[in-house]
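Under my numbering, read the sequence shown as residues 305 to 708, first letter to last.
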Amino acid sequence: MIRVSQVGDRMRDEARAVVGAARRAGSGPGRERDLVAQSLKAAAAALLAWMVAREWLGDPMALMAPWVAVVLVQATVYSSLRRAAQQFAAICVGTLLASVAQVVTGDTLVALALSVPVLMLLSNWPRLGDQGIYATTVALFTLTTGAVSGSAIGHRLAQAALGAVIGVAVNALVLPPIHLRDVRENLAALAHEAGDVLTGIAEDLRQGDWDASTAANWSHASTRLARRLDGLRAARGWSEESLRLTRGWLRAFHRVPLDVPAGGEDERWSRITGHVAALTRALTAAVDDNRIAGPPDGTTGESYARLLALLGEACRRESRSLLESCGRTARQESHSHDPRRRAEAAMRELHRTLQTSLRDHAGLSAARTAVLGTLLLQAENIWAEIERPGEDGNLDSAVRVRRS
Numbered sequence: 305m306i307r308v309s310q311v312g313d314r315m316r317d318e319a320r321a322v323v324g325a326a327r328r329a330g331s332g333p334g335r336e337r338d339l340v341a342q343s344l345k346a347a348a349a350a351l352l353a354w355m356v357a358r359e360w361l362g363d364p365m366a367l368m369a370p371w372v373a374v375v376l377v378q379a380t381v382y383s384s385l386r387r388a389a390q391q392f393a394a395i396c397v398g399t400l401l402a403s404v405a406q407v408v409t410g411d412t413l414v415a416l417a418l419s420v421p422v423l424m425l426l427s428n429w430p431r432l433g434d435q436g437i438y439a440t441t442v443a444l445f446t447l448t449t450g451a452v453s454g455s456a457i458g459h460r461l462a463q464a465a466l467g468a469v470i471g472v473a474v475n476a477l478v479l480p481p482i483h484l485r486d487v488r489e490n491l492a493a494l495a496h497e498a499g500d501v502l503t504g505i506a507e508d509l510r511q512g513d514w515d516a517s518t519a520a521n522w523s524h525a526s527t528r529l530a531r532r533l534d535g536l537r538a539a540r541g542w543s544e545e546s547l548r549l550t551r552g553w554l555r556a557f558h559r560v561p562l563d564v565p566a567g568g569e570d571e572r573w574s575r576i577t578g579h580v581a582a583l584t585r586a587l588t589a590a591v592d593d594n595r596i597a598g599p600p601d602g603t604t605g606e607s608y609a610r611l612l613a614l615l616g617e618a619c620r621r622e623s624r625s626l627l628e629s630c631g632r633t634a635r636q637e638s639h640s641h642d643p644r645r646r647a648e649a650a651m652r653e654l655h656r657t658l659q660t661s662l663r664d665h666a667g668l669s670a671a672r673t674a675v676l677g678t679l680l681l682q683a684e685n686i687w688a689e690i691e692r693p694g695e696d697g698n699l700d701s702a703v704r705v706r707r708s
């Protein structure tokens, strides 16, 4: 049962989130400002459709035009066009089927009973996407708002077409939505989250008090990281769709950023996410009381914790560079800083220390050697992806780490 205090806390959290979103929308370009622009565009499309249909054309079915227009101001121009076709098809089918049922039966209730079940089944047809439900809603409007006639059918379909044209036109011509900024933001958020996960594990290893709760936290952190990756992939899909049919004039008006991270960056961070997940699984298995060997402890555990902390900071550094760089890649930005070079030197020293520990463990315990070897391998994999060899003429630290 939810307590009153919990309800109050949630309401305060929601209020803070709304205020924060409003501040971000006012402070500069971003996702929140894009949402405001799309909302205002949808309202403008509805008002324009109503004025054209009611005030200029004097159509008695004017409600259809703003209703369709507001729905078709979608996240991308391409999706507006696709949904316009789907919605108009659904409206035509719903209007015609309901009208035929009314004419044949002469009774509204019977016409509803005949047409609504068929239209509800039709609404699940994949070709209509999520617009199929409009076939049923239009049928209800058709049968419950007055007598069915050829004139009423013509007005309804004409207004639906008018609303579709206005909705798509407003979306395409007035600040057409683009989502390339979302790719950079999601990529930076994924890098930062990866850094948080690695830093959190490093802190737990330093404390040396592992139990089932600690392992569960590691698993949950890895799951959150995977959701971040899903968000990045969704943002990349939206960004690619937002340029369909609009790339030419968006570039002509300089609305397409030229420094959007390449698609290969998504794959690179996908691999890093996989290595972090493998690392957390290995640690979770190691702290299981039913297993023979635990995670590294003592000096070895401290060295491995420092290694993960350095990897976490490297991820966060890339996250900051992604948000701050203009025209330069995160790697070019980050290589210009001395802290990066110091981190690389510390990384190589820790790697040598852990390799020595691995050789020492090999003569004492095969189980502990397997655990430490697995954890060290995943850390090396993460570092190899953060510093991919061959892309920078001044540094090839991933190869140096593996050969040290």
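No residue lacks a Cβ here, since even glycine has one placed at the ideal position from N, Cα and C.
Requested in this report: Starting from the Cα of A530, find the closest Cα among S453, V675, D570, V372 and give me that residue.
Outcome: Of all alpha-carbon atoms in S453, V675, D570, V372, the one lying nearest the alpha-carbon of A530 is that of D570.
Query raised in the report: Does DSSP put L479 in a helix, in a strand, or in coil?
Result: Note: L479 maps to coil in three-state DSSP.
Query raised in the report: Quick one: what's got a C-beta closer than 6 Å to A373's C-beta in the same chain, skipping five residues either side?
Result: Within the same chain, and ignoring the five residues on either side of A373 in sequence, the residues whose Cβ sits closer than 6 Å to its Cβ are A349, A350, A353, G467, I470, G471.
Query raised in the report: Does the beta-carbon distance from W573 to D486 come in below 8 Å?
Result: Against a cut-off of 8 Å, the Cβ pair of D486 and W573 comes out as no contact.
Report task. Within the same chain, show all residues whose beta-carbon is closer than 6 Å to that of A581, passing over the 5 residues directly before and after it, in chain order. Result -> The residues are S526.
**Report entry** alpha helix (DSSP H) segment containing D534, residue limits
**Finding:** Looking at the DSSP string, the run of the alpha helix (DSSP H) that includes D534 is 516-546.
Query raised in the report: From A366, Q391, L447, pick the residue whose C-alpha is nearest to that of Q406; which is it?
Result: The residue with the shortest Cα to Cα distance from Q406 is L447.
Requested in this report: Would you kindly report the start and end of the unbroken alpha helix (DSSP H) that includes T449?
Outcome: Per DSSP, T449 lies in no alpha helix (DSSP H) and is assigned neither H nor E.
Query raised in the report: How should R528 be labelled, buried or exposed, when 16 other C-beta atoms within 10 angstroms of its C-beta is the threshold for buried?
Result: Taking all protein chains shown into account, R528 has fewer than 16 neighbouring C-beta atoms within 10 Å of its C-beta and is therefore exposed.
Requested in this report: Return the CA-CA distance between V356 and A473, expressed in angstroms with no decimal places.
Outcome: So the two alpha carbons sit approximately 14 Å from each other.
Report task. Give, in chain order, every unbroken run of the alpha helix (DSSP H) that is at least 4 residues long and sits entirely within the segment 373-432. Result -> Fully enclosed alpha helix (DSSP H) runs of 4 or longer: 381-409, 412-426.
Query raised in the report: Using DSSP with H/G/I as helix, E/B as strand and the rest coil, what is A609?
Result: A609 falls in the helix class under three-state DSSP.
Requested in this report: Helix, strand or coil for M355, going by three-state DSSP, please let me know.
Outcome: M355: helix per DSSP, three-state reduction.
Query raised in the report: Thinking C-beta only, is K345 closer than 8 Å to V381?
Result: Judged by their CB atoms, V381 and K345 are not nearer to each other than the 8 Å cut-off.
**Report entry** Cβ-Cβ distance between H459 and P364 below 8 Å
**Finding:** In this structure, P364 lies closer than 8 Å to H459 by Cβ.
Requested in this report: Please report how far the alpha carbon of H579 lies from the alpha carbon of A539, in whole angstroms.
Outcome: Rounded to whole angstroms, H579 to A539 spans 22 Å at the Cα level.
Query raised in the report: In this structure, does DSSP put L339 in helix, strand or coil?
Result: Reduced to three states, the DSSP call for L339 is helix.
**Report entry** Counted within 10 angstroms of its Cβ, other Cβ atoms place R548 as buried (16 or more) or exposed
**Finding:** When all chains shown are included, R548 counts as exposed.
Report task. Using 10 angstroms around the beta-carbon of S384, count the other beta-carbons present and answer buried if the total reaches 16, otherwise exposed. Result -> By the neighbour-count criterion, in which 16 or more other beta carbons inside 10 Å mark a residue as buried, S384 falls on the buried side.
Query - Nonlocal neighbours in the same chain, by C-beta distance under 7 Å from V501, ignoring five residues either side - result: Result list for V501: A525, S526, L529, V580, in chain order.
Report task. Under 8 Å Cβ to Cβ from R316, same chain only, skipping five residues before and after it: list those, please. Result -> There are no such residues.
Query raised in the report: Given L432, which residues of its chain have a CB within under 7 Å of its CB, disregarding the five upstream and five downstream residues?
Result: Counting only Cβ-Cβ distances below 7 Å, and skipping sequence neighbours, we find Q390, A393, A394.
Report task. Compare the Cα-Cα distances from I505 to each of V564, E489, A609 and report the closest residue. Result -> For I505, the nearest C-alpha among the options comes from A609.
Requested in this report: Please list, in chain order, all residues of the same chain as W429 whose beta carbon is under 8 Å from its beta carbon, the five residues on each side excluded.
Outcome: These residues qualify, in order along the chain: G436.
Report task. Give the straight-line distance between the Cα atoms of R386 and L681, rounded to the nearest whole angstrom. Result -> Our two residues, R386 and L681, have alpha carbons roughly 47 Å apart in a direct line.
Query raised in the report: What three-state label does DSSP hand E691 in the structure shown?
Result: Secondary structure of E691 (DSSP, three-state): coil.
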